[in-house]
Structure formats: structure tokens, C-alpha cells
Amino acid sequence: MKNESKTTTVGLVVGDYVVLAADKRATGGAMIYHKRVKKIHKITDYAAMTISGLVADAQVLVDEARYVAKAYEMDYGKKIKLSSLANFMSLVLSAYLRYSPFIVQLLLGGVDEGGPSLYYLDLYGSVSKEKYASTGSGSPVAYGVLEKEYRSDLTLEEARKLAFKAVETALSRDGFSGEGVDVVTIGPNYFSEETYIMERRLSPSTRF
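With our numbering, the residue at position 134 of the sequence shown is 164, and numbering never jumps.
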């Protein structure tokens with residue numbers, strides 16, 4: 031079994047919030063190995079990370095991000111900034127690149143004292159701050175939806191629906207994405223997780 035997860039993940043910033051969404055299918059080659067995978071992982075009470083790529087690599091990086099955030103808070107008595115955590119993860123990725131690269135794409139999103147932020151990271155250690163982003167095999171489809179419909183003045187409910195729609199649309203075009211959509215919303219002193227399982231194709235009247 032190849033521990034590889036091709037996927038669709040999405041993140042966007044709107045108002046004081048960050049919304050993350052991801053599908054729930056894990057694949058290895060042409061095989062579907064799991065239909066209830068969690069691809070959005072809570073890092074702290076104010077941040078979460080989406081994963082795509084090799085599952086084992088991504089799990090190591092999620093654990094590392096959690097450890098660094100917790101250690102920083104214990105050492106300094108305050109929460110680590112999202113920009114600092116993103117830069118640290120970038121250093122980890124680039125340090126391992128030459129001899130044992132982490133085959134991943136990550137979205138790190140959350141809300142700290144500086145407000146909401148979303149960071150994209152890839153296996154090379156590249157890091158960029160974005161208003162919206164998508165990773166995984168379904169990202170070209172998801173980007174088509176985001177680029178058409180994203181606005182900085184979206185309401186939170188509109189943003190949640192857009193994140194869901196971007197992933198759901200990718201599900202219909204990308205064979206490596208499927209089964210359902212997880213949606214995480216992070217705001218000031220707010221962290222919400224929701225799951226929508228798709229046992230069958232939803233009609234317009236029953237969609238999110």
C-alpha cells in the first residue's frame with residue numbers, strides 16, 4: 031500500500047476569519063484506501079493545517095507544528111505568530127529537501143493577534159501568504175471556482191459555502207478526491223469543525 035493521498039484542499043481569508051475545506055478520500059495509485067480521512071488538522075486553538083501529498087510525511091509535519099507551537103507558548107508565555115510558525119515549517123521543508131524531501135503541499139491558516147492569515151507551503155520550503163489557495167490534484171478545478179467567486183467582502187457564511195463549493199466541484203472532476211467535505215472555520219476565540227458526507231451526489235436543494 032502506498033501511503034499517498036491525492037486530494038483537494040482549499041483555504042480562504044474573509045473578514046476576521048479563515049475557512050479551510052478538504053475532501054475525505056485517501057488513494058494509493060489507482061486504489062481508494064480510505065473514505066473517511068481527516069485532511070485538516072488542528073495545530074492550536076487558533077490555527078489548523080490542511081495536508082496533501084504523502085500521508086506519513088504530512089503527519090510528521092503536523093506533529094512538528096503542534097510541538098513547536100506548544101513549546102513556544104511554554105517557553106515564552108504567549109502564542110506563536112502564524113507567520114513565525116509558517117517560516118519555521120518552511121525551514122524544516124527546505125532543510126530536508128536535498129536528501130529526504132517531504133512530499134507535501136500544506137495550507138496553514140488561523141487567527142492570531144495580527145488578524146487572520148493563510149500560508150501556502152510546498153516541498154521546496156516555499157512559503158507565501160495568500161487570500162485564497164488550493165492544493166492537491168483537484169486544485170486546478172478548485173482554483174477555477176475560487177478565482178471566479180472569491181471577494182474580500184464575502185460574509186462568513188458566503189465564504190464557508192464557497193470553500194465547500196470549490197472542493198465539491200473538484201470532487202466531480204478529480205478521481206483522487208471524494209467521499210465528503212470537511213470545513214473548518216477559525217476566528218477570534220472561535221474554532222469550528224464540520225463534516226459533510228456524500229454517500230451520493232447531492233441535488234441542488236440538499237447541498238450545503
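All residues carry an ideal CB built from backbone N, CA and C; glycine is no exception.
- In the DSSP secondary-structure assignment, Gly139 is bridged to Ala78 and Leu148.
- Proximity of the segment 161 to 179 to the segment 193 to 202 meets the contact definition, three or more beta-carbon pairs being nearer than 8 Å.
- Judged by DSSP in its simplified three-state form, Ser202 adopts coil rather than helix or strand.
- Nearest C-alpha to Gly166 among Val48, Val141 and Asp53: Asp53.
- Between Gly139 and Gly41, the beta carbon gap of about 5 Å places them in contact (Cβ cut-off 8 Å).
- Residue pairing from DSSP places Glu223 in a beta bridge opposite Val214.
- Across the structure, Thr215 and Phe221 are spaced so that their CA atoms are roughly 6 Å apart.
- Per DSSP, Leu184 is not a residue of any beta strand (DSSP E), being assigned neither H nor E.
- Only residues of its own chain outside the window of five on either side were considered, and among them Ile73, Met79, Leu115 and Met119 have a CB closer than 7 Å to the CB of Ala95, listed in chain order.
- Scanning the segment 68 to 124 from its first residue to its last, the whole alpha helix (DSSP H) runs of 4-plus residues come out as 85 to 106.
- Short of 6 Å from the beta carbon of Ile110, and not among the five residues preceding or following it, lie these beta carbons of its own chain, in chain order: Ala99 and Tyr102.
- In the displayed model, Tyr126 falls within a helix according to three-state DSSP.
- A buried status is given to Ala88, since no fewer than 16 other beta-carbon atoms sit within 10 Å of its beta-carbon.
- Between Val85 and Ala193, the CB-CB gap reaches or exceeds 7 Å.
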